[in-house]
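Each residue of the sequence shown is one higher than the one before, counting from 1 in the UniProt record's numbering. Ideal placement from N, C-alpha and C gives every residue a C-beta, glycine not left out. All remarks here apply to the structure that follows.
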Amino acid sequence: MTMNWLKQLSTAWQKNQLQRPELASMFTAPVDEQWVAIDCEMTGLNPKKHHLLSVAAIHINGDKIDTGNGLHLLCRPPVMPEGDTIVIHGLRTADVEHAMSYDEMLGLLLPFISNRPLVGFCPQIDVGFLNPLVKHYMGTHLPNEIIDIRPLYSRRMMGRSQGLSSQAQHLNSILAHYNIPELGTHDAYNDAIMTAMAFLHMR
């Protein structure tokens with residue numbers, strides 16, 4: 001049984017679990033040359049004890065980044081951020097205590113990403129926070145293909161080095177390699193834009 005057939009079976013099973021028929025388009029085949037860059041800010045890296053604070057998503061169409069129509073959504077977590085994490089993500093209690101609920105956020109985010117592959121820097125972490133919320137909201141996890149720009153960068157650099165250290169694969173190092181201006185990290189929207197720019201250099 002081929003991997004493609006297994007993927008089709010998995011997608012069909014997920015679609016059968018879908019509780020929101022308006023999101024059925026997420027399970028259709030993506031259009032070529034269309035992606036969505038995504039980035040999240042959280043109170044930490046463990047989805048079992050930390051919480052999502054903000055999500056940004058920006059369409060990539062061919063070689064264009066549609067920054068004019070991106071999303072940057074603040075969420076109200078069940079536990080407000082504390083001082084030691086605020087210095088990382090910059091979001092205070094005052095910023096998120098009246099923000100949208102997770103369901104309200106997903107009501108905007110999921111139709112926006114639709115069936116596009118998700119492009120990110122370590123997007124597995126972001127998806128790890130999103131998937132429990134998505135499953136509660138629509139009955140199944142995100143079906144989208146996930147593209148991590150780190151292995152893309154490593155493959156592009158093959159032959160130029162004897163392997164890249166984890167530090168060399170840090171987003172700032174990748175941006176510097178391609179002369180991409182740093183817009184300010186640990187802001188979900190800025191990170192999504194910079195990730196999208198790096199992806200266009202590598203794809």
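Residue i, DSSP secondary structure in three states
| i | result |
| --- | --- |
| ILE193 | helix |
| LEU9 | helix |
| GLN34 | strand |
| LEU71 | strand |
| ASN144 | coil |
| ALA188 | helix |
| LEU106 | helix |
| SER173 | helix |
| ASP39 | strand |
| MET100 | strand |
| residue 212 | Any property of residue 212 remains undetermined from this structure, which presents the chain solely from 1 to 203. |
| residue 223 | An answer regarding residue 223 cannot be provided, because it is not within the stretch 1 to 203 covered by the chain. |
| MET157 | helix |
| GLN162 | Below a pLDDT of 50, predicted positions are generally treated as unreliable, and GLN162, at 49, falls in that range; the measurement from the model is reported next regardless. Correct three-state label for GLN162: coil. |
| VAL119 | strand |
| ILE180 | coil |
| VAL127 | helix |
| ALA198 | helix |
Cα-Cα separation between residue i and residue j, rounded to whole angstroms
| i | j | result |
| --- | --- | --- |
| LYS49 | MET42 | 11 Å |
| HIS98 | LEU6 | 43 Å |
| GLN17 | HIS177 | 43 Å |
| ILE125 | LEU45 | 7 Å |
| ILE174 | LEU200 | 12 Å |
| LEU130 | LEU52 | 8 Å |
| ASN179 | GLN19 | 44 Å |
| ASN144 | LEU110 | 11 Å |
| GLY62 | MET197 | 12 Å |
| LEU23 | MET100 | 20 Å |
| PRO21 | ALA192 | 28 Å |
| SER10 | LYS135 | 15 Å |
| MET105 | LEU71 | 10 Å |
Rounded Cβ spacing between residue i and residue j (contact assumed at less than 8 Å)
| i | j | result |
| --- | --- | --- |
| PRO132 | PRO47 | 7 Å |
| ILE113 | ALA57 | 6 Å |
| VAL96 | LEU73 | About 11 Å; that fails the 8 Å criterion. |
| GLY139 | THR195 | With a Cβ gap of about 29 Å, GLY139 and THR195 do not count as contacting. |
| SER54 | CYS40 | 7 Å |
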